[in-house]
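K.L.:
Numbering (full-length UniProt numbering), first residue to last: 1 to 248.
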């Protein structure tokens with residue numbers, strides 16, 4: 001007896017109950033119509049009832065889809081490499097915030113695009129480690145997988161700063177340079193954050209990585225709330241930096 005009760009309860013609570021009823025009612029009235037046991041008025045009423053059941057099924061299906069989409073929002077894909085279109089997106093952006101340990105590779109890759117961004121009125125901000133902070137240089141060098149010494153790290157940062165300073169002197173524009181007295185937890189490429197098509201690319205600074213530090217996350221405004229959270233963290237890091245060269 002308990003087995004029948006369990007099966008009945010499972011049938012009643014089944015998510016597909018409306019579809020079972022739709023199929024059953026449709027089959028019954030199809031047979032009645034074929035055999036002539038039901039008149040046109042009754043069949044018309046039955047059709048309306050079937051449409052109502054179908055509409056209810058569609059509403060339930062849409063709600064389920066919305067719940068699934070809601071559960072997916074906030075889930076961010078983790079990557080092992082930078083997206084292939086990141087360089088092109090930087091070149092076409094008008095508001096750029098770059099944060100990293102040395103940013104040597106990024107700045108060298110922007111040598112052609114950077115003057116164009118500045119000449120068209122774009123704003124570029126770059127934040128790297130302070131090469132004059134001896135303790136910071138020692139800690140940062142220990143964090144790297146293949147250390148080549150503190151002086152090598154310092155030279156890379158100074159090369160980045162020198163390149164940026166030279167670009168600013170030659171081309172002018174809104175190029176701001178700052179240095180950081182702490183090691184950030186991640187590197188940031190924040191591009192047109194306030195625009196609908198903005199992107200925030202975040203690279204976690206993995207301890208002693210074998211290759212490219214990972215994971216790497218590419219966030220758009222659809223990736224709420226993490227898009228706003230990481231963009232806000234990048235802004236806080238920028239605000240904590242000091243102008244380079246130091247203003248006297």
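Heads up, the beta-carbon is just placed ideally off N, CA and C, and yes, glycines get one too.
Which residues bound the alpha helix (DSSP H) around residue 188?
P.N.:
No alpha helix (DSSP H) holds residue 188; the beta strand (DSSP E) holding it covers 186–191.
K.L.:
Where in the region 118–153 do unbroken runs of the alpha helix (DSSP H), each at least 4 residues long, occur, reported from the N-terminal end onward?
P.N.:
Within the region 118–153, the complete alpha helix (DSSP H) runs of at least 4 residues are 134–143.
K.L.:
What does a CB cutoff of less than 8 Å around residue 165 pick up in its chain, not counting 5 residues either side in sequence?
P.N.:
Counting only Cβ-Cβ distances below 8 Å, and skipping sequence neighbours, we find 177, 244 and 245.
K.L.:
Could you check what DSSP says for residue 176 in three-state terms: helix, strand or coil?
P.N.:
Correct three-state label for residue 176: strand.
K.L.:
Can you check which of these residues, 128, 104, 222 and 182, is closest to residue 194 by C-alpha distance?
P.N.:
Taking only the C-alpha atoms, the option nearest residue 194 is 222.
K.L.:
On the premise that residue 218 lies in contact with residue 90, defined as a C-beta separation below 8 Å, what is that separation, rounded to the nearest angstrom?
P.N.:
That belief does not hold up - the Cβ atoms of residue 90 and residue 218 are roughly 13 Å apart, past 8 Å.
K.L.:
Could you please give me the residues that DSSP links to residue 242 through a beta bridge?
P.N.:
Paired residue(s): 179.
K.L.:
Would you decide whether residue 99 is buried or exposed? Buried here means 16 or more other CB atoms lie within 10 Å of its CB.
P.N.:
Residue 99 should be labelled buried.
K.L.:
State the DSSP-derived secondary structure class of residue 204, mapped to helix, strand or coil.
P.N.:
DSSP places residue 204 in strand when its eight states are reduced to three.
K.L.:
Look up residue 95 in the DSSP assignment and say whether it is helix, strand or coil.
P.N.:
In this structure, residue 95 counts as strand in the three-state DSSP scheme.
K.L.:
When we look at the beta-carbon of residue 237 and count the other beta-carbons within 10 Å, is it buried (16 or more) or exposed?
P.N.:
It counts as buried.
K.L.:
According to the Cβ coordinates, are residue 209 and residue 145 closer than 8 Å?
P.N.:
Yes. Within cutoff.
K.L.:
Which residues in the same chain as residue 227 place their Cβ atom closer than 7 Å to its Cβ, once the five residues preceding and following it in sequence are excluded?
P.N.:
For residue 227, where only same-chain residues beyond five positions count, the Cβ hits under 7 Å are 200, 219, 220 and 221.
K.L.:
Label residue 88 either buried or exposed according to how many other C-beta atoms from any shown protein chain fall within 10 Å of its C-beta, with 16 as the threshold for buried.
P.N.:
Exposed is the call here.
K.L.:
Rounded to a whole number of angstroms, what is the C-alpha to C-alpha distance between residue 207 and residue 172?
P.N.:
Distance between the alpha carbons of residue 207 and residue 172: 37 Å.
K.L.:
The beta strand (DSSP E) with residue 218 in it runs from where to where?
P.N.:
It spans 216–219 - the beta strand (DSSP E) in which residue 218 sits, taken as one unbroken run.
K.L.:
When the distance is taken between beta carbons, is residue 118 closer than 8 Å to residue 190?
P.N.:
It is not a contact, given that the beta carbons lie outside the stated cut-off.
K.L.:
Taking the Cβ atom as the reference point for each residue, do residue 175 and residue 128 lie within a distance shorter than 8 Å?
P.N.:
The answer is no: Cβ separation not under 8 Å.
K.L.:
Rounded to whole angstroms, what is the Cα-Cα separation between residue 148 and residue 162?
P.N.:
Cα to Cα, residue 148 sits roughly 21 Å from residue 162.
K.L.:
For residue 157 versus residue 112, is the C-beta spacing smaller than 8 Å?
P.N.:
Against a cut-off of 8 Å, the Cβ pair of residue 112 and residue 157 comes out as no contact.
K.L.:
Short check: CB of residue 182 to CB of residue 104, under 8 Å?
P.N.:
Contact flag unset, no.
K.L.:
With respect to the alpha helix (DSSP H) encompassing residue 105, which residues constitute its N-terminal and C-terminal limits?
P.N.:
Segment 104–109, the alpha helix (DSSP H) holding residue 105.
K.L.:
So, at 7 Å on beta carbons, what are the nonlocal neighbours of residue 81 in its own chain, with the 5 sequence-adjacent residues on each side left out?
P.N.:
Cβ neighbours of residue 81 beyond the five flanking positions: 212 and 216.
K.L.:
Restricting to Cα atoms, I'd like to know which of 153, 231, 155 and 169 is closest to residue 186.
P.N.:
Checking every option, the nearest Cα to that of residue 186 belongs to 231.
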